[in-house]
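A short write-up of the structure that comes next.
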Amino acid sequence: MKQHPWIIAHRGDVERHTENTLPAFRSALERGADGIELDVQFTAEGTPVVFHDRDLRRITGQRGNLADLEDKALDTLGLRPGPDQAGFHLPTLREACECLAHARVPLFVEIKTDALPHHQVPTAVADVLRDSEAIASHRVLISFSEAALRIARSHARVPVGWVLEAWDIASRERAEALQPDWLFCDTALLPPGTAPLWAGPWDWAIYEINETGPAGALARRGVKAIETGRLSVWR
5 MKQHPWIIAH RGDVERHTEN TLPAFRSALE RGADGIELDV QFTAEGTPVV
55 FHDRDLRRIT GQRGNLADLE DKALDTLGLR PGPDQAGFHL PTLREACECL
105 AHARVPLFVE IKTDALPHHQ VPTAVADVLR DSEAIASHRV LISFSEAALR
155 IARSHARVPV GWVLEAWDIA SRERAEALQP DWLFCDTALL PPGTAPLWAG
205 PWDWAIYEIN ETGPAGALAR RGVKAIETGR LSVWR
């Protein structure tokens, strides 16, 4: 295991641009990120869009939920200016994946579970797979939802990553049953110490790490990748 894990840009280069936007993704690639994570929610019509929150306010300054918007509203839905003081439109998943089609790094596409109650899970997964076809060679579908990941595997040979909600025996047993390609874990959930993380057929990714200090210790515990919101620390 190398001393420093891969560096995954969490929602793109959020130091320079609004999260989950095309400029944020392009900048992350330009700065040498080893991978990019992006989030998927759905409009009222079921169109996958790249957005983290269910609620619109934090990113757009507007009231309401993304799941209540019709597709035509996306054209006029502006995002708050990011660190670069520029505003950008909210990209669909198809737009983002076409932008990233020639990226030579893994792209981790997270289906947000708070979006799934509004849509049938099989339909949602099928729509995400369809709209991310441009990055089929280097995508990893991730989610807290085991059901979504099982469906993805049953319909396509797509690598999947399960995001842990807890660090306990039950979660380990569920991971062993699911056999994902990746396990993602919040750094706050990790047990202290230096013991190796659960062994299995998966690679480990830990989020969010914004300083270099823990990287070596995490690598020695078996971590392959870390998600960061501060690429400047690493690149």
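The opening position of the sequence shown corresponds to residue 5 in our numbering, with each subsequent residue numbered one higher. In this text, a Cβ means the ideal position worked out from N, Cα and C, and glycines have one as well.
Non-local beta-carbon contacts of residue 125 in its own chain, meaning distances under 8 angstroms to residues more than five positions away in sequence, involve 149, 151, 152, 155 in chain order. Under the three-state reduction of DSSP output, residue 76 falls in the helix class. Considering only 168, 101, 189, 82, the residue with the shortest C-alpha distance to residue 67 is 82.
Selection 147, 187, 69, 113 evaluated against residue 141 yields 113 as nearest (Cα-Cα). Every unbroken stretch of the beta strand (DSSP E) spanning 3 or more residues and falling wholly within the stretch 150-222 is given here in chain order: 164-167, 186-190, 207-211.
The three-state secondary structure of residue 109, taken from DSSP, is coil. For residue 198, the closest C-alpha among the options 163, 221, 107, 176 is that of 221. Residue pairing from DSSP places residue 45 in a beta bridge opposite 53. Following the DSSP letters along the chain, one finds residue 143 inside the beta strand (DSSP E) bounded by residues 143-147. For residue 64, the uninterrupted alpha helix (DSSP H) segment begins and ends at 61-64.
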